[in-house]
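Protein chains in written order, with the numbering used here: chain A, 170 to 726; chain B, 89 to 179.
Below, the structure written as structure tokens:
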């Protein structure tokens, strides 16, 4: 049986399992619709949070990003896990104690302002849309490779499947499905990692092999020989200030991700929220500790397989030709010497999309077809679990926060549901469109989403909990200052790809690039909101009581 | 729930803040400190077959982050218990 056939069978089996579980837990949950999730053990809830959190970016892209950035890839490793620490310590327990449905709910109630509520809802929608576009692209890549269809067809198939699962499950029924998806994700990630680690170093545990073997050293050596940057040396791709700022921006932006915060609303107590966070970081950490090892091993293997080899020999390798048809791997014998030159300079003849590093690892390492199929199923599980969480978050931001809380307070359950379904379909269509036509500025949009989160949602939620004196005036002024600064800076630094100017209007903000500038916006937000709040009246009595209630210990579970 | 925080609740909140701050200091020193700010000097120190800063940037920081969140959950459980005992004793 061909790899493609096995992949299709395995993917169909996992989809059948998700559908079955979604249906089963949905039936169980209708009796206690509003307290759903309370019957879920913290371990399973932690696994669900981990699956929700780990997107196609974590599964498919991250090891590839690390492979090409080397040391500086830490911006993603630390940025995404370090942000989780902020979320677990500073936000999750209190938002659980507050106990409403969405992030805009907290911001709107805490700052007794529909303006703040609307801003938070729009930020939620924008961040989630950006995120989901990345998931659609991930799904498209997997399908285009394993069904050997065009990436457009791949994205459309993915769109249909994601829409189906989101409509079927809803937030309440989705927890168990995501918990199962976590195990598909992690098994699919670990098995090839063990195998390639054993092949290259003789040690099957990648986390140990990366330090105990000399593989990183050897990789660094051949990279230097080929004219690329040294793998283990810091700040070869980004300056120190940028590594610092981008890491911090990703941390703050990640901590404010609305679709992850929402997961903590459904646990049964504050204590359960803390322990769900523990399980989730253990589950997330398992993948994040493996990814840098996979990145290094895969890069070594890749260079070893194709660099300085006759181009005909390379192109006759099955996985090379199959990835070439997707356009994500391109070999072009520019100088016509019949040999693949893989270098860091002008004479480089290999164009490789980082997204194929993880997906191609089992093939490069000559693993059994079953493992290749498993990795495809894992990538799909990662994209699907995150996409369904994002769709539901966006839907609730429009139907609950904007439509119901602001425009139509009399709206019936079925009216809200209808608005929600419409939102879901529109969001899906936009996501698919962006997935098919990744704008020249796809990366910039992601920078914008994290910058936006760091400069708006994160500081506002944080101050809402920890600064009792913070009032509506301060919060709104802070958001406006932080957001407009970040938007203007990103627009100015990335003006060539966004507005089509010839040169960037601004090279950088004192050496800080567009990805990291959200941190400056965040600091501005903190300063402005502090100053404005001290010059304006303190928040009303009932709001102060709300904050005290959020801070007070919870006695029963 | 009480209208305003009483003395015991204030004590609880203060303890909570102290714990968060000390954990975040470690978070900063290990992540942004060892991985970024002190990366240059630490990259000269060998840790098995990689440099110490590389290990922190790609492995160590994540391990420490896991431990931090675990510590927070354990310590807060303890604090909850202490608080409940204070309520029971009525002092």
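Glycine residues also receive a C-beta, built at the ideal position from the N, C-alpha and C atoms.
**Item:** C-beta neighbour in chain B for residue 204/A, strict 9 angstroms
**Value:** Low per-residue confidence applies at residue 204/A: pLDDT is 41, beneath 50, and the placement is therefore not dependable enough to give any value.
**Request:** Consider the Cβ of residue 133/B: report whether some Cβ of chain A lies at a distance smaller than 9 angstroms.
**Result:** No, residue 133/B does not count as interfacial toward chain A.
**Asked** Mind listing which residues of the region 439-453 of chain A have their C-beta closer than 9 angstroms to chain B's C-betas, in chain order?
**Response** Among the residues of the region 439-453 of chain A, those with a Cβ less than 9 angstroms away from any Cβ of chain B are 439, 440, 443, 444, 446, 447, 449, 450, 451, 453, in the order of the chain.
**Backbone secondary structure at residue 126/B - three-state DSSP** = Residue 126/B: coil per DSSP, three-state reduction.
**Message:** Strictly under 9 angstroms for the Cβ-Cβ distance: is residue 117/B near chain A by that measure?
**Reply:** Look at residue 117/B: its C-beta is not under 9 angstroms from any C-beta on chain A.
**Prompt:** How do the region 495-507 of chain A and the region 519-535 of chain A stand: do at least 3 beta-carbon pairs fall below 8 angstroms, yes or no?
**Reply:** In this structure the region 495-507 of chain A lies against the region 519-535 of chain A, because at least three pairs of beta carbons, one per stretch, are closer than 8 angstroms.
**Asked** Short check: CB of residue 124/B to CB of residue 416/A, under 9 angstroms?
**Response** Taking a C-beta distance under 9 angstroms as the contact criterion, residue 124/B and residue 416/A qualify as a contact pair.
**Prompt:** Does the beta-carbon of residue 680/A have 16 or more other beta-carbons within 10 angstroms, so that it is buried, or is it exposed?
**Reply:** So residue 680/A counts as exposed.
**Prompt:** Do you know offhand how far residue 738/A's Cα is from residue 127/B's?
**Reply:** Nothing can be reported for residue 738/A: it is not among the residues displayed for chain A, which extend from 170 to 726.
**Prompt:** Which bits of chain B does residue 457/A rub up against, with CB to CB less than 8 angstroms?
**Reply:** Under the 8 angstroms cutoff, chain B gives 150.
**Request:** Would you mind listing the alpha helix (DSSP H) stretches within the region 589-662 of chain A that are 4+ residues and don't spill past its ends, in chain order?
**Result:** Secondary structure remark: continuous alpha helix (DSSP H) runs of at least 4 residues inside the region 589-662 of chain A, in chain order: 611-624, 626-635, 641-662.
**Burial state of residue 247/A, where buried means 16 or more other Cβ atoms lie within 10 Å** = So residue 247/A ends up on the buried side.
**Message:** Please state whether the Cβ-Cβ distance between residue 97/B and residue 722/A is less than 9 angstroms.
**Reply:** For residue 97/B and residue 722/A, yes; Cβs fall inside 9 angstroms.
**Prompt:** Using the beta-carbon count (16 or more within 10 Å), is residue 210/A buried or exposed?
**Reply:** Exposed, because fewer than 16 other Cβ atoms sit within 10 Å of the Cβ of residue 210/A.
**Extent of the continuous beta strand (DSSP E) run through residue 133/B** = No beta strand (DSSP E) contains residue 133/B, which DSSP labels as neither H nor E.
**Request:** Determine contact between the region 257-275 of chain A and the region 552-567 of chain A, defined as no fewer than three beta-carbon pairs at a distance below 8 angstroms.
**Result:** A contact between stretches requires three or more CB pairs, one per stretch, nearer than 8 angstroms, and the region 257-275 of chain A meets this requirement with the region 552-567 of chain A.
**Request:** Name the one or two DSSP bridge partners that residue 521/A has.
**Result:** Answer is 498/A.
**Message:** Does residue 170/A pass the burial test, meaning 16 or more other C-beta atoms within 10 Å, or should it be called exposed?
**Reply:** Exposed.
**Asked** Would you call the region 255-263 of chain A and the region 422-440 of chain A touching, i.e. three or more CB-CB distances under 8 angstroms?
**Response** Cβ pair count under 8 angstroms is three or more, so yes.
**Message:** Counting only beta-carbon separations shorter than 9 angstroms, does residue 257/A have a partner in chain B?
**Reply:** Closer than 9 angstroms: yes.
**In DSSP terms, what residue 139/B is bridged to** = Answer by DSSP bridge pairing, in chain order: 134/B.
**Asked** Can you find a CB in chain A that lies within less than 9 angstroms of the CB of residue 168/B?
**Response** Yes, because at least one Cβ of chain A sits closer than 9 angstroms to the Cβ of residue 168/B.
**Prompt:** Closest to residue 432/A by CA distance: which of 321/A, 178/A, 260/A is it?
**Reply:** That would be 260/A, whose Cα lies nearest to the Cα of residue 432/A.
**Item:** Own chain partners of residue 541/A with C-beta closer than 8 angstroms, once the 5 adjacent residues on each side are dropped
**Value:** Here the set comprises 172, 175, 176, 531, 532.
**Asked** Would you say the region 463-482 of chain A touches the region 222-239 of chain A, given that touching needs at least three Cβ pairs under 8 angstroms?
**Response** The region 463-482 of chain A makes contact with the region 222-239 of chain A: 3 or more CB pairs, one atom from each, lie closer than 8 angstroms.
**Message:** Can you check which of these residues, 220/A, 667/A, 317/A, is closest to residue 488/A by C-alpha distance?
**Reply:** Taking only the C-alpha atoms, the option nearest residue 488/A is 317/A.
**Request:** Anything in the region 588-603 of chain A with a Cβ closer than 9 angstroms to a Cβ of chain B? List those residues in chain order, please.
**Result:** Those residues of the region 588-603 of chain A that come within reach of chain B (Cβ to Cβ, closer than 9 angstroms) do not exist; the list is empty.
**Asked** Can you list the residues of chain A that residue 147/B reaches, using a CB-CB cut of under 9 angstroms?
**Response** Taking the beta carbon of residue 147/B as reference, the chain A residues within 9 angstroms of it are 246, 376, 379, 380, 458, 461, 462, listed in sequence order.
**Request:** Determine the extent of the alpha helix (DSSP H) in which residue 579/A is found, giving its start and end residues.
**Result:** No alpha helix (DSSP H) contains residue 579/A, which DSSP labels as neither H nor E.
**Message:** Checking 9 angstroms against the spacing of the C-beta atoms, do residue 331/A and residue 661/A come in under that value?
**Reply:** No, Cβ-Cβ distance for residue 331/A and residue 661/A is not below 9 angstroms.
**Asked** Under 9 angstroms between C-beta atoms, does residue 113/B make it to chain A?
**Response** Residue 113/B does not count as touching chain A.
**Item:** residue 672/A vs residue 418/A beta-carbon contact at 9 angstroms
**Value:** Between residue 672/A and residue 418/A, the C-beta spacing is not below 9 angstroms.
**Asked** Should residue 193/A be labelled buried (16 or more other beta-carbon atoms within 10 Å of its own) or exposed?
**Response** Label assigned to residue 193/A: exposed.
**Message:** Which of the three DSSP states is assigned to residue 722/A in this structure?
**Reply:** Of the three classes helix, strand and coil, the one that applies to residue 722/A here is coil, per DSSP.
**Request:** Compute the distance between the beta-carbons of residue 293/A and residue 524/A, then report whether it is under 9 angstroms.
**Result:** Cβ distance not < 9 angstroms, so residue 293/A and residue 524/A don't count as in contact.
**Message:** Strictly by DSSP, which residues pair up with residue 544/A?
**Reply:** According to DSSP, residue 544/A bridges with nothing at all.
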